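Student: Here it is, the structure, as structure tokens.
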DNA sequence: CTGTTAGCGCGTTCAT
DNA sequence: ATGAACGCGCTAACAG
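Residue numbers (the numbering used here), protein chains in the order written: chain A, 108 to 438; chain B, 108 to 438.
This is the structure we're talking about:
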């Protein structure tokens, strides 16, 4: 059982009595190899326990079958649902993913893009951490697909949820149900999703002949703490709204924490929120949830990216895929 | 602005009037290069906007500065906290991570190990999806570090929490607080963590002169649904225990779902649980939580792996690092 | 259908 | 302190 050094194409070629080119052809499923030869080569490969050195191949082809994925934060279930979809689809098509966290910092995004390019990834999928995109052009000419949010001043392939309609539909349903006043706890309006969700909410109210009251509308930053504080502010008033729309899951989480802490109940309170995470429907007063197809967003982003990669620089138009949301009625 | 093909060492060498060997030395910080030359080369590198082709380097050195990380599931916050620690530490030391999901299947683990080896990773960090490890030897001789759980019949470097002491301490605290009967909702006893947690619980009871009642002890599979069902079974009885120890976060989640669904309260109920996730302390009746240092587990695993990689096949003893847990008192 | 040959871009002796 | 030359393992022309 003397385990020699790893076998190479050359070893296989010699042992099988063919040329390295033929071995390479078999390896790559080239059609014009005599079936017998294919068999012979494959048998030899088995015998030698040969495994292709993909690094050498990459050097030659300048393709790594590796995609860089940049997410703001791994501990975020929402993002990781997207990544799950990405990985699933990519794996199916023979790619793997280098995952990096941008920690929500622009400079990190820039740095990571450089690192990924150096590592030779075939493309990048990025969940933007901020609303600006100027720095993303450093990815060029590498194929790049944004997920979840678009970015200002940087037209780019992207897969996002239909935030406007999602928010509109939720608010509309609440209104049809008899909501009198719907408060709003939003995200940073510099983010595309935060804007769209607010606009959807606003449009639904107008559509019902209501004008949103300015004091019912609060903006935070999509983080847990901000949801906590804004909910506290809203409910601490003498005349709070009967419905509250919370623009994302993490603010919802914070709001729920506040609500749970209070001894006395809030009769008649109903909460609308974005993102149907496993727990969201168990938060107190949770009533209508806008569900985004998180994994599908990831899958579609992967698909889009691969189509760019595999078709070369064909179509130059940027494509923005907007996925439907659905409503989940809780109580 | 004619953007030529990417510059190579050769281009830099020519432009700087030195040899490629010198450029390579500068690139790798070789001490014996005349300072002037270093400066010159570095300037040229800037001018040409040269970036090293790391694939070519990898082909030569057979080191990729890439680590494979296999987790059972990306949507699991617990695992992703570990991965966060891994990525953080690795990034600091100049490595990046290829992340793959085993979907909790042994065959996937095997397959992924093969894929990672083919991609030339320098080592693998694996969060085992099952209790068996026979198939993991296919990773040899690649450095491999297990995190969170060890595996039967496969001695291996590993970083785990001190499950026994964690469980012991939690149960002990509850008993000192006046708990009369502590029920137990455990995980699959084939898993090392499930066994250790049960043993810690059992030992604490014995230590207080109590014998655990057989009917108070239920085993599930660490998943949400199983927590739901077992909690339902336990609380549906005529004489349920006053304390319940739930052996991991996801079962705790399921149990909480059950509890939340019930109209009538469970006066005096206290829940002990493992893993201090952001929400755990808000679950109903949550009382004592055993917190594992999730990110640190990841960091330590990364450290251990890199020490193996960078020191070559030195020490042959497998090292198991057992990290302390801490107790979090909720109510 | 198959073989020959020439690199891909780098690190590394072995000279000097 | 520096250079010339070879080769890591593979694929891609180009021949035949």
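Just so it is clear, CB atoms sit at the ideal spot from N, CA and C, and this is done for glycine as well. These numbers were taken from a predicted model, which means no experiment stands behind them.
(1) Just by C-beta distance, which residues in the region 364 to 391 of chain A are closer than 7 angstroms to chain B?
(2) With residue 430 (chain A) and residue 269 (chain A) assumed to form a contact (beta carbons below 8 angstroms), what rounded beta-carbon distance in angstroms separates them?
(3) Can you have a look at residue 110 (chain B) and say buried or exposed, based on whether 16 or more other CB atoms are within 10 angstroms of its CB?
(4) Closest to residue 133 (chain B) by CA distance: which of B:298, B:148, B:240 and B:368 is it?
(5) Figure out for me which residue from A:311, A:241, A:324 and A:407 has the closest Cα to the Cα of residue 261 (chain A).
(6) Applying a beta-carbon distance threshold of less than 7 angstroms, which residues of chain A neighbour residue 182 (chain B)?
(7) Taking CB distances under 9 angstroms as the criterion, tell me whether residue 161 (chain B) reaches chain A.
(8) Is the region 332 to 348 of chain B touching the region 312 to 319 of chain B in the sense that three or more CB pairs, one from each, lie closer than 8 angstroms?
(9) Could you pull out every residue in the same chain whose Cβ sits closer than 6 angstroms to the Cβ of residue 181 (chain B), ignoring the five residues on either side in sequence?
(10) Helix, strand or coil for residue 271 (chain B), going by three-state DSSP, please let me know.
(11) Work out the CA separation of residue 351 (chain B) and residue 377 (chain B) for me, nearest whole Å.
(12) For the region 120 to 133 of chain B, list every residue whose C-beta sits within 7 angstroms of some C-beta in chain A, in sequence order.
(13) If you check the beta carbons only, do residue 353 (chain B) and residue 375 (chain B) fall under 9 angstroms apart?
(14) Considering only residues of the same chain and omitting the five flanking positions on each side of residue 121 (chain A), which have a CB-CB separation below 7 angstroms?
(15) Mapping DSSP to helix, strand and coil, what is residue 173 (chain A)?
(16) What is the DSSP secondary structure of residue 136 (chain A), reduced to helix, strand or coil?
(17) Who are the Cβ neighbours of residue 416 (chain A) in its own chain at under 8 angstroms, not counting the five residues just before and after it?
(18) Starting from residue 377 (chain A), trace the beta strand (DSSP E) both ways and give me its first and last residue.
(19) Please state whether the Cβ-Cβ distance between residue 152 (chain A) and residue 130 (chain A) is less than 9 angstroms.
(20) Quick one: list the residues of chain A neighbouring residue 165 (chain B), beta-carbon separation under 7 angstroms, in chain order.
(21) Taking contact to mean 3 or more Cβ pairs, one atom from each stretch, closer than 8 angstroms, check whether the region 188 to 196 of chain B and the region 167 to 187 of chain A are in contact.
(22) Residue 212 (chain B) and residue 175 (chain B) - do their beta-carbons sit closer together than 9 angstroms?
(23) Looking only at its chain, what residues have a beta carbon closer than 7 angstroms to the beta carbon of residue 357 (chain A), apart from the 5 residues adjacent to it on each side?
(24) To the nearest angstrom, how far is the alpha carbon of residue 290 (chain A) from that of residue 276 (chain B)?
(25) Using only CA atoms, which one of B:125, B:383, B:424 and B:425 lies nearest to residue 141 (chain B)?
(26) Helix or strand or just coil, what does DSSP make of residue 373 (chain A)?
(27) Mind listing, in chain order, the continuous beta strand (DSSP E) runs of no fewer than 3 residues lying wholly within the region 298 to 339 of chain B?
(28) Beta-carbon within less than 6 angstroms of residue 308 (chain B)'s beta-carbon, same chain only, minus the 5 sequence neighbours each way: which residues are those?
(29) Can you pull the chain A neighbours of residue 222 (chain B), defined as C-beta to C-beta under 8 angstroms?
(30) Where does the unbroken beta strand (DSSP E) through residue 423 (chain A) begin, and where does it stop?
(31) Does the beta carbon of residue 257 (chain B) sit closer than 9 angstroms to a beta carbon anywhere in chain A?
(32) Please compile the residues from chain A whose C-beta is within a distance smaller than 9 angstroms of the C-beta of residue 341 (chain B).
(33) Can you tell me where the beta strand (DSSP E) with residue 158 (chain B) in it begins and where it stops?
(34) Does the distance from the C-beta atom of residue 173 (chain A) to that of residue 205 (chain A) stay below 9 angstroms?
(35) Which residues in the same chain have their Cβ closer than 8 angstroms to the Cβ of residue 370 (chain A), if we skip the five residues on either side of it in sequence?
(36) Unbroken beta strand (DSSP E) runs of length 3 or more, entirely within the region 202 to 234 of chain A: which are they?
Tutor: Per the coordinate set shown:
(1) Residues passing the 7 angstroms Cβ filter: 364, 367, 386 and 389.
(2) Walking along the first chain from the start, residue 430 (chain A) turns up at place 323. Walking along the first chain from the start, residue 269 (chain A) turns up at place 162. About 6 angstroms; that satisfies the 8 angstroms criterion.
(3) Stepping through the second chain from its first residue, residue 110 (chain B) is reached at position 3. A caution first: residue 110 (chain B) carries a pLDDT of 44, below 50, which makes its placement in the model too unreliable to give a value.
(4) Counting from 1 along the second chain, the entry for residue 133 (chain B) is found at position 26. Comparing C-alpha distances from residue 133 (chain B) to each of B:298, B:148, B:240 and B:368 shows the shortest one belongs to B:148.
(5) By one-based count along the first chain, residue 261 (chain A) stands at place 154. With respect to the C-alpha of residue 261 (chain A), the residue from A:311, A:241, A:324 and A:407 having the closest C-alpha is A:241.
(6) Here the question's residue 182 (chain B) lines up with position 75 in the second chain. By Cβ distance, chain A contributes 184, 187, 188 and 191.
(7) Translated into positions along the second chain, residue 161 (chain B) becomes position 54. So, interface residue.
(8) Output reads no: the region 332 to 348 of chain B does not touch the region 312 to 319 of chain B.
(9) The residue labelled residue 181 (chain B) in the question sits at position 74 within the second chain. For residue 181 (chain B), where only same-chain residues beyond five positions count, the Cβ hits under 6 angstroms are 208.
(10) Your numbering for residue 271 (chain B) matches position 164 in the second chain. Residue 271 (chain B) sits in a helix when the DSSP states are folded into three classes.
(11) For the purposes of this step, residue 377 (chain B) is taken as the residue at position 270 of the second chain. For the purposes of this step, residue 351 (chain B) is taken as the residue at position 244 of the second chain. Each residue's alpha carbon lies about 6 angstroms from the other.
(12) Correct list: empty, as no residue qualifies.
(13) Taking the second chain and counting its residues from 1, one reaches residue 353 (chain B) at position 246. Taking the second chain and counting its residues from 1, one reaches residue 375 (chain B) at position 268. Contact flag unset, no.
(14) Reading the first chain from its first residue, position 14 is the one you call residue 121 (chain A). Beyond the five residues adjoining it in sequence on each side, residue 121 (chain A) comes within less than 7 angstroms, by CB distance, of no other residue in the same chain.
(15) On the first chain, residue 173 (chain A) is found 66 positions in, with the first residue counted as 1. Looking at residue 173 (chain A) - three-state DSSP - the assignment turns out to be strand.
(16) Start at 1 with the first residue of the first chain, and residue 136 (chain A) comes out as number 29. The three-state secondary structure of residue 136 (chain A), taken from DSSP, is coil.
(17) By one-based count along the first chain, residue 416 (chain A) stands at place 309. If we look at residue 416 (chain A) and ignore the five residues flanking it on each side, its Cβ neighbours are 229, 230 and 250.
(18) By one-based count along the first chain, residue 377 (chain A) stands at place 270. Membership of residue 377 (chain A) in the beta strand (DSSP E) is indicated by the continuous run 377 to 381.
(19) Numbered from 1 along the first chain, position 45 holds the residue referred to as residue 152 (chain A). Numbered from 1 along the first chain, position 23 holds the residue referred to as residue 130 (chain A). Yes, the Cβ-Cβ distance between residue 152 (chain A) and residue 130 (chain A) is below 9 angstroms.
(20) Start at 1 with the first residue of the second chain, and residue 165 (chain B) comes out as number 58. Identification of chain A residues near residue 165 (chain B) by a Cβ-Cβ cut-off of 7 angstroms yields 162, ordered along the chain.
(21) With a cut-off of 8 angstroms on Cβ pairs, the region 188 to 196 of chain B is in contact with the region 167 to 187 of chain A, counting three or more such pairs.
(22) What you label residue 175 (chain B) is simply residue 68 of the second chain in a count that begins at 1. What you label residue 212 (chain B) is simply residue 105 of the second chain in a count that begins at 1. Between residue 175 (chain B) and residue 212 (chain B), the C-beta spacing is not below 9 angstroms.
(23) Start at 1 with the first residue of the first chain, and residue 357 (chain A) comes out as number 250. Cβ neighbours of residue 357 (chain A) beyond the five flanking positions: 329, 330, 331 and 334.
(24) Reading the first chain from its first residue, position 183 is the one you call residue 290 (chain A). Reading the second chain from its first residue, position 169 is the one you call residue 276 (chain B). Going by the C-alpha atoms only, they are around 45 angstroms apart.
(25) For the purposes of this step, residue 141 (chain B) is taken as the residue at position 34 of the second chain. Checking every option, the nearest Cα to that of residue 141 (chain B) belongs to B:125.
(26) If you number the first chain from 1, residue 373 (chain A) lands on position 266. Three-state DSSP puts residue 373 (chain A) in coil, outside helix and strand.
(27) As far as the region 298 to 339 of chain B is concerned, its whole beta strand (DSSP E) runs of at least 3 residues are 324 to 326.
(28) Reading the second chain from its first residue, position 201 is the one you call residue 308 (chain B). Closer than 6 angstroms at the Cβ level, and outside the excluded window around residue 308 (chain B), lie 274, 278, 291 and 352.
(29) Residue mapping note: residue 222 (chain B) aligns to position 115 of the second chain, counting from 1. Residues of chain A with a Cβ closer than 8 angstroms to the Cβ of residue 222 (chain B) are, in chain order, 203.
(30) Residue numbering aside, residue 423 (chain A) sits at position 316 when the first chain is read from its first letter. It is not in any beta strand (DSSP E) - residue 423 (chain A) carries neither H nor E in the DSSP assignment.
(31) Locating residue 257 (chain B) in the second chain gives position 150, counting from the first residue. Chain A, which has no Cβ nearer than 9 angstroms to the Cβ of residue 257 (chain B), makes this no.
(32) Numbered from its first residue, the second chain carries residue 341 (chain B) at position 234. Annotation: residue 341 (chain B) has no Cβ neighbours in chain A at a cutoff of 9 angstroms; minimum Cβ distance is about 20 angstroms.
(33) The residue given as residue 158 (chain B) occupies position 51 in the second chain. Per DSSP, residue 158 (chain B) is not a residue of any beta strand (DSSP E), being assigned neither H nor E.
(34) By one-based count along the first chain, residue 173 (chain A) stands at place 66. By one-based count along the first chain, residue 205 (chain A) stands at place 98. It is a contact, given that the beta carbons lie within the stated cut-off.
(35) Within the first chain, residue 370 (chain A) is the residue found at index 263, counting from 1. Residues of the same chain with their beta carbon placed closer than 8 angstroms to that of residue 370 (chain A) are lacking, with the five preceding and five following residues left out of the count.
(36) For the region 202 to 234 of chain A, whole beta strand (DSSP E) runs of length 3 or above, ordered along the chain, are 203 to 208 and 230 to 233.
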